[in-house]
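There are 2 protein chains.
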Amino acid sequence: MDRSLAWIPRTEFARVLGHVDDPYDRALAFAAMSRINTLYMITRAGSGHIGSSFSAADVVSWLLLEELDRPFEPDGDVYFSSKGHDAPGLYAAMIALGRLDEDGLHRLRRLGGLPGHPDVGTPGMPFNTGSLGMGISKAKGLVLAHRLAGRTSRVVVMTGDGELQEGQNWEALPSAARYGMGELTVVVDHNRLQSDTYVTDVSDLGDLTGKFTAAGWGVLHCDGHDPRQLEKAFAQRAEEHPDRPVVIVADTVKGGGCPTFAATSMAPGEWRYRHHSGAPSPEDHDAAYRELTATADEILRRHGQAPLAPETLTLDLPAKPSGVRLPELYGRLLTEAAHEDPRIVALDGDLLLDTGLIPFRDAHPDRFVECGIAEQDMVSMAGGLAAGGLRPFVHSFSCFLHARPNEHIYNNATERRPVVYVGSLAGLLPAGPGHSHQAVRDVSALGSVPGLTVLEPSHPAQLDAALRYCRTTPDSVYLRLSSQVVPAELAELPPAPLVPGRGHVLRAGRDAVAFGAGPVVLAQLLGAAGILAAQGVELTVVDLPWHNRIDPTWLDELLTGVRHAFVVEHQYGSGGQADLIARQLLETGTWDGAGFRGIGLTDVPRCGTDAEVLAAHGMDAPHLAQLIGADVLDRGRTTEPTGDTPWKLSATN
Amino acid sequence: MDRSLAWIPRTEFARVLGHVDDPYDRALAFAAMSRINTLYMITRAGSGHIGSSFSAADVVSWLLLEELDRPFEPDGDVYFSSKGHDAPGLYAAMIALGRLDEDGLHRLRRLGGLPGHPDVGTPGMPFNTGSLGMGISKAKGLVLAHRLAGRTSRVVVMTGDGELQEGQNWEALPSAARYGMGELTVVVDHNRLQSDTYVTDVSDLGDLTGKFTAAGWGVLHCDGHDPRQLEKAFAQRAEEHPDRPVVIVADTVKGGGCPTFAATSMAPGEWRYRHHSGAPSPEDHDAAYRELTATADEILRRHGQAPLAPETLTLDLPAKPSGVRLPELYGRLLTEAAHEDPRIVALDGDLLLDTGLIPFRDAHPDRFVECGIAEQDMVSMAGGLAAGGLRPFVHSFSCFLHARPNEHIYNNATERRPVVYVGSLAGLLPAGPGHSHQAVRDVSALGSVPGLTVLEPSHPAQLDAALRYCRTTPDSVYLRLSSQVVPAELAELPPAPLVPGRGHVLRAGRDAVAFGAGPVVLAQLLGAAGILAAQGVELTVVDLPWHNRIDPTWLDELLTGVRHAFVVEHQYGSGGQADLIARQLLETGTWDGAGFRGIGLTDVPRCGTDAEVLAAHGMDAPHLAQLIGADVLDRGRTTEPTGDTPWKLSATN
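If you read the protein sequences in the order shown, they are chains A and B.
Take 694 as the starting number for the first sequence in the working numbering and just add one per residue.
Take 694 as the starting number for the second sequence in the working numbering and just add one per residue.
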């Protein structure tokens, strides 16, 4: 729908920097203006993290304008955010300072634009962050590198407070103290909220001061929205702790800077903060814009300056797609299942909303364990629950569930007690958050865990069957869930038996067979089949939800007489379905030299709109049709015109 | 060589338990006797952890004899060790109490006996431990399961102090406090030494009391060798902290209980503790045996009891194999390389000795970073060093390097800065420590990391070439190193060019081709080729050191006219060389339906002697010969008698 959005051009920032002499007011005006552009970027992009960006905006302004020595210069002080999802706010400030192209304002989460989380491909970003808890360790490495080069540059890292639940932060503290890292300062954006709710309600951090002090760090506190206090804290940091690492706990308000988004506006007893991620409603956008402009204009007025002169654009912003998403349905199904089965326990890693667990928490509070941003602890706790005879279901985004607790999942598996790991946001899409959130290595990273089945349903009826499988199999299961809206062509598919290692023919055609799993891959394959049909090439599309199990008999029957087999997967490199099928075909020994091609990711996933990124990786229907069609025409059609023969239909279960 | 070894039969323990009335003396005598049997078990097994077992022995004795309510009963209190490598000491105590078969004394680290680290297959072991830092989390899960079942059993977890460097421990603390886990007690075996040296020299824990207190835990201290103090500490735990988790920091001496192994016997300034792992020398064994017997006999005398009546056995103990081991050579080569290349930095995860880095530390102290048992911090620090323009080499055992920091290795890879990860102890052998230490999932867990090459040299000359590759490639590398002695048939192989995706023919034969990597797999394959040759079957053995790179041209040339291809790997499930080669063959499209078989692990690795475990998994020469021979005879020989044709020789580079 058409929306009129305003943004503040760089020239206006220059005016403020040039004409507001008071450094504190200057920083506050700069922050308010950065927030306006952050609001614009996120609204235009359709997603992003307003709460975290606004929370950190005053700290970022003060650091970049006053505190740091030549930030972004090759030999200057270094600043980066470990939490990473405050990237839009940092981008806005860097654009205002001419450190990034102004065009970036209009290209957040677009291909070739500014990624959803920091990436070293963007000027001024020393590290890829967004996967939480790595920042302090990375900063320590940089400090040691500086020392070997004879540099004394300061390194300032921003972390969230929820982020401090990750054990790596605490693992990282001792050696910074041992090395006497006076160069290293950690600023905790202490807004007391993580994702959607209060840190204290998720996993209280306890005595933060005591924890850092016990590790040998200096600890300072300040109001993260008050430039005078920030100035004082950094002065103290230098005077009182010249030779030790220091943490500055900056008390902030999530969404701070305007009442509309400020967590302080939450109603008494309201548990959920609504502005962690996603684009604001038109009403919220307009209200926040007015509030932020008023704040900036008031400062300008006090300094004899004219009000802000924004640029405005009228844009046709796409509406959010509506329809069923598997995690939401999954949450309802698990809640129902838990009524029947008292052994079911659900563990969550601070993604209650995105993993669909709100109904479970409300219906079964005694069997719901909120673990916070602590995936290793969560997975090992699940091992303990399994040892106690329960059937734990462990939840997070796939990107955080398959890798960080990878050894812990393996350790549980060696105990041969079934645990179900449910990873949402699996696969290449959504592509906006960037590669820290795109799980395209999960199948290979987990596929060889003994006794663990990797299963990816593509539609509601199959999810229902998959959950029943998870509840009854003696195996452990990694349930890979796309969080995308299930496309119409899949949403209404009927229930069909779920047999390990077997798939279902979604569309039958004589010329070639293509395998895929999950709603996104299959929708693109069906689209490709449509394009190919118009060219006279008939493609069989097989939904194979099993990533590390294959039934040799079924496969042999399905591919008898087939001249071309393709496997399409949202998976990078080895260990996916293409490998699984290829090896099985060779070991069965009936493969007759027909064409085979695995089509997966060949590089780190790009960030952009879903359509942009599918195309960029050659994973959209047109590219798939082109690739498949070329192979088929190149090597000729099948010799036996089998068409929709019974065996193909029999292969549907 | 023949050795006379003594052990204490269960009847003697019964005598002590029955006739020493004083509970404190009883526990001390029991502990001394357990140490004697621990000494026997480890000496007979040829490996094991004396220092850690002895350090914990008095705590274990007191817990099992006096403190715990019906330990090992289905509804009794639960005790387990998170550090796990004190298993021999725990086994000895459990055997003495009739909780494990006495026969186990003679079967430590033997197939079907008692594994090197705890496994749930052994009665009384609730969890698989030995991979550090998971214990507190597992205990929390068990406590929650107990609560759901209405149980109030106590759960006591033993951790090491070096183990507390793992971030997961700190990640685990807050929710235990939030849940008010009065059932949970952690005992820290505070012996101040980790692996081979002092915790303070590796990564000081800082203010341990402060850290636990800040997380909301109760903290108590005691002498871990004094039963009276242990009794008092547990009484305090119950009285002062009924509704919170408590840590009891038990001050102990590594190797405590006899002067020979006690760390207090280390010379002033001596940095290395010599009894962390491995079997003691005959002299140390005999001295320790005398000391422990004297301790027990003195207590028995005080209580009017006759001295101990041990059983003795004369055993032919195999001598430790001698010869070159790749990690040791690697350490020397990296040290030399660092003289030429100032960008080389080495990071170690508390395995200085086993990763061969002692010469590097001594030659380049400014470029050596000891990270302690903190693999995630280590890997992310390496990312920071790489950002600073250095070339970090990151070291640990493969089992700890590929999985726990898996997401961190991926994150570094997305920054496209070369980092070299060097995992020693890779593969199925040594099989004594058990599955927590057998890295057979590392290839699949890392093989799909973008821009990361998985390379496994099999002999010294190839290691030299591999290190040169690591130093110069723009890629990151996971260097997979077996720690086994390189067999004679490989040790003297000449240098040969190392071309990505290409291997070398070690032995040429007309009937089939078998691929493998690393000294263990290749030695068994060469052995199998010998066996097969005697049966008239000629096997080509190819050393393919690349696990996730294959050169299609080379492969095609090598396999032209070949009727049978085999791939043997110390790898479980998917994502290994068998998948890599199978998929390439299908995609190249020249495969003519010849026989193909991947031979890898089909289950969790067993624990036992190396020979036992190779055989148990069908990975020794006789089993490989049988499997390969059967396929070849079953499907017939090659039609074209190519024999040792020039193309096979050309395929050697």
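The beta carbon of each residue, even a glycine, is placed where N, CA and C say it ideally should be.
Remember, it's a predicted structure, so these values are computed and weren't measured experimentally.
Rounded to whole angstroms, residue 1094 of chain A and residue 1100 of chain B show a C-alpha spacing of 10 Å. An exposed status is given to residue 1323 of chain B, since fewer than 16 other beta-carbon atoms sit within 10 Å of its beta-carbon. Counting along the chain, residue 1253 of chain B sits inside no alpha helix (DSSP H), nor does DSSP assign it H or E at all. Within its own chain, the residues whose Cβ lies closer than 7 Å to the Cβ of residue 1217 of chain B, once the five positions on either side in sequence are excluded, are 1307, 1312, 1313, 1314, 1317, listed in chain order. In this structure, residue 792 of chain B lies away from residue 811 of chain B, with their beta-carbon atoms at least 8 Å apart.
The closest CA to that of residue 1049 of chain B, considering only B:1033, B:1072, B:1024, B:1038, is found on B:1024. The Cβ of residue 1296 of chain B sits closer than 8 Å to at least one Cβ of chain A.
With the criterion set as a beta carbon lying under 7 Å from some beta carbon of chain A, the members of the segment 1089 to 1110 of chain B are 1096, 1097, 1099, 1100, 1101, 1103, 1104, 1107, 1108, in sequence order. In this structure, DSSP gives residue 1085 of chain A an extended state, which the three-state scheme calls strand. Our two residues, residue 1051 of chain B and residue 870 of chain A, have alpha carbons roughly 24 Å apart in a direct line. With contact defined as three or more Cβ pairs closer than 8 Å, the segment 853 to 868 of chain A and the segment 869 to 885 of chain B are not in contact. With a threshold of 8 Å between beta carbons, residue 694 of chain B makes no contact with chain A. For residue 1021 of chain A, the enclosing alpha helix (DSSP H) starts and ends at 1019 to 1033. For the alpha helix (DSSP H) assignment, the uninterrupted runs of no fewer than 4 residues enclosed by the segment 1094 to 1121 of chain B are, from N- to C-terminal side, 1099 to 1107. Each residue's CA atom was taken as its position, placing residue 1223 of chain B and residue 973 of chain B some 37 Å apart.
In the structure shown, residue 762 of chain A falls within a coil segment according to DSSP collapsed to helix, strand and coil. Residue 1106 of chain B and residue 754 of chain A have their C-alpha atoms roughly 31 Å apart. Residue environment for residue 797 of chain A: buried (at least 16 other C-beta atoms within 10 angstroms of its C-beta). If you draw a straight line from the Cα of residue 708 of chain A to the Cα of residue 697 of chain A, it comes to about 24 Å.
For residue 1265 of chain B, the C-beta contacts it makes with chain A under 7 Å involve 1141, 1143, in order along the chain.
Beyond the five residues adjoining it in sequence on each side, residue 1111 of chain A comes within less than 8 Å, by CB distance, of 1079, 1084, 1166, 1167, 1168, 1169, 1170 in the same chain, given in chain order. Listed along chain A are 1073, 1101, 1104, each with a C-beta nearer than 7 Å to that of residue 827 of chain B. DSSP places residue 1162 of chain B within a helical segment (H, G or I) once states are collapsed to three.
Annotation: the continuous alpha helix (DSSP H) that includes residue 751 of chain A extends over 743 to 755. In the displayed model, residue 701 of chain A falls within coil according to three-state DSSP, outside both helix and strand. Under the criterion of beta carbons closer than 8 Å, residue 789 of chain B and residue 750 of chain B do not qualify as touching, at roughly 11 Å. Considering only beta carbons, no part of the segment 773 to 801 of chain B lies closer than 7 Å to chain A.
With a threshold of 8 Å between beta carbons, residue 904 of chain B makes contact with chain A.
Interface annotation, residue 1275 of chain B: in contact with chain A, CB-CB separation under 8 Å.
In the structure shown, residue 1302 of chain A falls within a coil segment according to DSSP collapsed to helix, strand and coil. At a cut-off of 8 Å between beta-carbon atoms, residue 1249 of chain B makes no contact with chain A. Every alpha helix (DSSP H) of 4 residues or more that sits fully in the segment 1118 to 1156 of chain B is shown, in chain order, as 1135 to 1140. Taken in chain order, the whole alpha helix (DSSP H) runs of length 4 or more contained in the segment 1268 to 1332 of chain A are 1270 to 1281, 1303 to 1309, 1314 to 1328. Taking C-beta atoms under 8 Å as the contact rule, residue 773 of chain B and residue 836 of chain B fail to qualify, at a distance of about 13 Å.
One thing to note: residue 1159 of chain B has its Cβ within 8 Å of the Cβ of residue 1191 of chain B.
Residue 696 of chain B is bridged by DSSP to B:1008.
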